[in-house]
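Single-structure report; data block below.
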DNA sequence: TTGTGTATATTCACTGGTCGGTATACATGG
DNA sequence: CCATGTATACCGACCAGTGAATATACACAA
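Okay, here's the thing in structure tokens:
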């Protein structure tokens, strides 16, 4: 076992990831990926059955690291729940300022391949967003928010909306606006919980 | 002056619109558009300088009708402001159920062409969203909401978020969730206005 | 009325180049 | 010798865009 197989595979995925994220799927040829990875197209086709497989691998490789990053931003943020949610948006706004930032790779891929509903990459993207939504829901359930599922969806909608809008306008300030909205919605849900569990008149 | 020029141009744009919206920009060849329009590619290139020009014309043709549709849904909806805003999302959810629905053409185009920041089609898409946001802001200003600009942005974020998420999951119920969130945010802004302009319990 | 010039509008056939994918051969380590 | 991995060279299909010719319609002069 030489062990080069996985290393080569990772090198190809790394090259594909940069190119696909930067330029889109159909705008990047397999030749370009192979060249960036420093090998021949034929070698690439030894490690991947097709370009579609390569695209799927590109998103698959981004799934867990992306989720981990969001969780880290949430965990390391100070303050109460609304602030911790807002922190995700604020951190994202910082990233969005970099010139190489091009929005959400999962959303952009699914938008580009919208005419291929069964494409494996789209399934991976959908699963990724579902995982994020589920994680949010558990965060809200942990503090006793009754409408945790609905609130998680609303935060997801604001997040993906800011991906799209910031990518279109190249203006990260939309991300902060989304964070404020998210914070407000979380706060409202918390107040509803307090009224429900500890019925007391507000002063 | 035969007047056929505009008619042919419109026919080309109509064919391009269907194909670009359904399948994406780079997945549709100029030959395919010409065939769908019932003429030769060379004729198409007589009316449009390049494929990029054709893409721009495709979005340009969708700009005003799209805005008018949103305004109509808003105007014709019953109830107070929150309900009228939510009506946009509800109507959109109905459309999103149709099999040919593929999200927002402006956002999908800008996502696909994200590596060409100066592309005319992207500018048209950005301007379209800005017009919608500006219209929302005036609607909120008319009723005296102080944070009209911020609220308009938040609604826009929810709307574009639901475009992206519903297109990914093929589940229009996200659109209704976004509508509820939008309605809540509008209602909060209205309450803030009432407290500010008509101090009920305070002097 | 008829002939001619001109701008508009359309077609066929083509170019240089790129695409995703492959046939085949060669290397190298176990 | 065989499985793994890499390279050269190639395929047919398709791509955006073009050259050259042609059809059509109208303006205007003879």
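Residue numbers (my numbering), protein chains in the order written: chain Z, 1 to 203; chain H, 1 to 203. Glycine included, every Cβ here is placed at the ideal spot set by N, Cα and C.
Less than 7 angstroms between the C-beta atoms of residue i and residue j, yes or no?
i: residue 179(Z); j: residue 90(Z); result: yes
i: residue 124(H); j: residue 56(H); result: yes
i: residue 40(Z); j: residue 34(Z); result: yes
i: residue 68(H); j: residue 13(H); result: no
i: residue 175(H); j: residue 54(H); result: no
i: residue 38(H); j: residue 158(Z); result: no
i: residue 126(H); j: residue 169(Z); result: yes
i: residue 114(H); j: residue 100(Z); result: no
i: residue 165(H); j: residue 172(H); result: no
Compare the C-beta of residue i with all C-beta atoms of chain H and state if any pair is closer than 7 angstroms.
i: residue 144(Z); result: no
i: residue 160(Z); result: yes
i: residue 18(Z); result: no
i: residue 91(Z); result: no
i: residue 181(Z); result: yes
i: residue 177(Z); result: yes
i: residue 154(Z); result: yes
i: residue 108(Z); result: yes
i: residue 190(Z); result: no
i: residue 186(Z); result: no
i: residue 41(Z); result: no
i: residue 15(Z); result: no
i: residue 102(Z); result: yes
i: residue 47(Z); result: no
i: residue 201(Z); result: Below a pLDDT of 50, predicted positions are generally treated as unreliable, and residue 201(Z), at 41, falls in that range; no measurement from the model is reported.
i: residue 115(Z); result: yes
i: residue 168(Z); result: yes
i: residue 44(Z); result: no
Cβ of residue i less than 7 angstroms from any chain Z Cβ?
i: residue 30(H); result: no
i: residue 133(H); result: no
i: residue 165(H); result: yes
i: residue 24(H); result: yes
i: residue 119(H); result: no
i: residue 193(H); result: no
i: residue 98(H); result: no
i: residue 128(H); result: no
i: residue 59(H); result: no
i: residue 111(H); result: yes
i: residue 157(H); result: yes
Could you give the distance in angstroms between the alpha-carbon of residue i and the alpha-carbon of residue j?
i: residue 65(H); j: residue 129(H); result: 13 angstroms
i: residue 145(H); j: residue 155(Z); result: 23 angstroms
i: residue 84(H); j: residue 52(Z); result: 43 angstroms
i: residue 152(H); j: residue 78(Z); result: 28 angstroms
i: residue 16(Z); j: residue 134(H); result: 39 angstroms
i: residue 140(Z); j: residue 193(Z); result: 11 angstroms
i: residue 50(H); j: residue 42(H); result: 11 angstroms
i: residue 117(H); j: residue 19(H); result: 23 angstroms
i: residue 191(Z); j: residue 143(Z); result: 12 angstroms
i: residue 137(Z); j: residue 87(H); result: 26 angstroms
i: residue 8(Z); j: residue 36(Z); result: 12 angstroms
i: residue 119(Z); j: residue 95(Z); result: 29 angstroms
i: residue 73(Z); j: residue 181(Z); result: 18 angstroms
i: residue 22(Z); j: residue 105(Z); result: 9 angstroms
i: residue 150(Z); j: residue 10(H); result: 44 angstroms
i: residue 163(Z); j: residue 70(H); result: 22 angstroms
i: residue 63(H); j: residue 132(H); result: 10 angstroms
i: residue 243(H); j: residue 6(Z); result: The structure shown has nothing for residue 243(H), since chain H only spans 1 to 203.
i: residue 24(Z); j: residue 24(H); result: 12 angstroms
i: residue 177(H); j: residue 58(H); result: 30 angstroms
i: residue 147(H); j: residue 80(H); result: 18 angstroms
Checklist entry - Pairing CB atoms from the region 166 to 186 of chain Z with CB atoms from the region 27 to 47 of chain H, are three or more of them under 8 angstroms? => result no
Checklist entry - Counting Cβ pairs closer than 8 angstroms, one from the region 42 to 51 of chain H and one from the region 102 to 116 of chain H, do we hit at least three? => result no
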